Every structure is written in C-alpha cells, then in structure tokens.
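Going by this note's numbering, the sequence shown opens with residue 11, and the numbers climb by one from there.
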Amino acid sequence: MAESRKAKRVGNKLQIYLYLMKKVFILGVAFATVLGAVTSCDKVKEAASAVQTAAEGGKEIDYQFLSKPEEVKKWLDEVRAKAGEHAKVMDEVKFYINRPALEGTIKREGEKDFLYVDIVYQDPADKRRVEEINYFGNTSGWTQPEKKEINVVGIGAENFRLEDELFDFNQVTDETINKVLQDAWAKYKDEAKYEYQYIKGLKIDIEGIEATIHGKLKANGVEKTEYYKTDFQGNSKK
11 MAESRKAKRV GNKLQIYLYL MKKVFILGVA FATVLGAVTS CDKVKEAASA VQTAAEGGKE
71 IDYQFLSKPE EVKKWLDEVR AKAGEHAKVM DEVKFYINRP ALEGTIKREG EKDFLYVDIV
131 YQDPADKRRV EEINYFGNTS GWTQPEKKEI NVVGIGAENF RLEDELFDFN QVTDETINKV
191 LQDAWAKYKD EAKYEYQYIK GLKIDIEGIE ATIHGKLKAN GVEKTEYYKT DFQGNSKK
C-alpha cells in the first residue's frame, strides 16, 4: 500500500482518507442510535435505563491482560473462532482497553475497565465491502457480523483496491504477537517516570503489528501514549 489510510465511520459506511496517515476505525455511539430510534418520552427513558443497566453489568477486564501471554492467546483464539474462514481475508483486528473511571477528559466514577475488540474482514458476498464484528465488554458483548460500505476519498482514491489491504490472520502467530507486546513493554516501561502504565491496545493490519503503551506521568498527572510497530515477524519498524 503506497499511502497510509485514515478511516472514519459515517453512518453505516467506512470513509477512507488516503493521506499520509494511518488507518483508524472509529467506534460509533450506540446510545445515540438507540435514542434516535424511539419517539416517546417513556421509550427514551426506558432505552436510557437499559443502556445504563447493561453498562453497570458489563464484564470487567483485567486492564493488564495484554501483558499476560495466556490471556492474550485466549482472546486471539476467540477472534479466530468469530472470523472463521474469513480470517484469511482480514482487514484489521484491534484490541483496546478502556478505563473510564480513571482516564479521559471526563472521568466516570464507578465504571469498570472494559475491553473493545474490532474484527474487520472482506465481505464474502461482495468483495468490495467488509464485514465487521465487535466486542463491547461494557454492554452487549459480541455483536453479529455487520456489512459495511467503503467510501474512498483523497489522493489516489481511484486506485484503491480492498484486496491490497487484506492479510491472512492465521499466518500471524500467537508467539509473534506476544513477543511484540513484551518487546513494547520492555522498551517503554518506566516505573520511575509513571504513576502507572499498561499495554492499552493491540492492532494488527496489513502494515504489521502495533502495540500501544499508556500511562500517567508522576510529574504532572498527564496521560501519555507510546506506540511500538513491527512487521509480521516481530521486527521493529523504529
């Protein structure tokens, strides 16, 4: 792929910008969709209550699980099971840990740490589209596969081919992924500098494997994120 991509969700479409940026999948806000689908005040209250109840009852994740090879393997196996035969035409797999009670501009006291997973692969019925499966650890768990349109705009848009973005997820071994995570942790871990740190994210796409290390600085309480990128053999790109 000559250009890096930045992708943005626009309704049920995946808007792709071919600039010198990396691709990003942006999670839609399910709560807004729920509210938009109901009309009466009573139904709005009912929907809001249901979402709140789901959030309170969501499955909490060990925020350090990406540092634990056996736990990582369990989730990778789950991704392969969900993708099935489509794993060989994968566009992206992403794990992301959210800590709403501790991080972000607005802290939400009492909310549990939770995991978000994104699986995107080529639509078997229409090779120009993708299907997406998500895992929302704070609410509904695994979703059903959903078909997504792809809009491509920007430099070189006329040359975009989804086939150029696909890779065989089965060829990326658990050992390599865990090695990348451990190497990233070894490179950026700094107990003297940070109040806390952990591996916040893992992304696997055609460009390779990317681990995200996140923490809060002792000096000023500012959150800081570092990125560690490798090829599919685990060789660092930095």
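Glycine is no exception: its CB is placed at the ideal position from the N, C-alpha and C atoms. Bear in mind that the values here come from a model prediction, so they are computed numbers and not experimental data.
For residue j and residue i, believed in contact at Cβ under 8 Å, the rounded distance
{"i": "GLU70", "j": "LYS122", "result": "4 Å"}
{"i": "ALA221", "j": "LEU212", "result": "6 Å"}
{"i": "ASP133", "j": "ASN144", "result": "At roughly 16 Å, the Cβ-Cβ gap does not stay under 8 Å, so ASP133 and ASN144 are not in contact."}
{"i": "GLY218", "j": "LYS247", "result": "7 Å"}
{"i": "GLN243", "j": "THR153", "result": "In fact, because the Cβ distance is near 32 Å, the residues do not count as touching under 8 Å."}
Exposure of residue i, with buried meaning 16 or more beta-carbon neighbours within 10 Å
{"i": "GLN207", "result": "buried"}
{"i": "ASP200", "result": "exposed"}
{"i": "ASP174", "result": "exposed"}
{"i": "ARG118", "result": "exposed"}
{"i": "LYS210", "result": "buried"}
{"i": "VAL82", "result": "buried"}
{"i": "THR183", "result": "exposed"}
{"i": "GLU141", "result": "buried"}
Residue i, DSSP secondary structure in three states
{"i": "LYS137", "result": "coil"}
{"i": "GLY94", "result": "helix"}
{"i": "ALA194", "result": "helix"}
{"i": "ILE219", "result": "strand"}
{"i": "GLN181", "result": "helix"}
{"i": "LYS213", "result": "strand"}
{"i": "ASN144", "result": "strand"}
{"i": "PHE75", "result": "helix"}
{"i": "PHE227", "result": "Per the sequence presented here, residue 227 reads as Leu, with Phe not at that position. Reduced to three states, the DSSP call for LEU227 is strand."}
{"i": "LYS203", "result": "coil"}
{"i": "LYS239", "result": "strand"}
{"i": "ASN245", "result": "coil"}
{"i": "LYS189", "result": "helix"}
{"i": "LEU112", "result": "coil"}
{"i": "LYS84", "result": "helix"}
{"i": "GLU175", "result": "helix"}
{"i": "VAL163", "result": "strand"}
Identity of the residue in the options nearest residue i by Cα
{"i": "GLN192", "options": "PRO110, TYR238, TYR106, ASP128", "result": "TYR238"}
{"i": "GLY120", "options": "ASN148, ILE160, TRP195, ARG90", "result": "ASN148"}
{"i": "GLU113", "options": "ASP241, ILE143, HIS224", "result": "HIS224"}
{"i": "GLU233", "options": "ILE214, THR115, ALA91", "result": "THR115"}
{"i": "GLU125", "options": "TRP85, LYS157, ASN245, VAL163", "result": "Correcting the residue type first, residue 125 is Leu in the shown sequence and not Glu. The shortest Cα separation from LEU125 among TRP85, LYS157, ASN245, VAL163 belongs to TRP85."}
{"i": "ASN245", "options": "PHE105, VAL190, SER150, GLY151", "result": "VAL190"}
**Asked** Quick one: any contact between the stretch 94-103 and the stretch 173-190, if contact means 3 or more CB pairs under 8 Å?
**Response** yes
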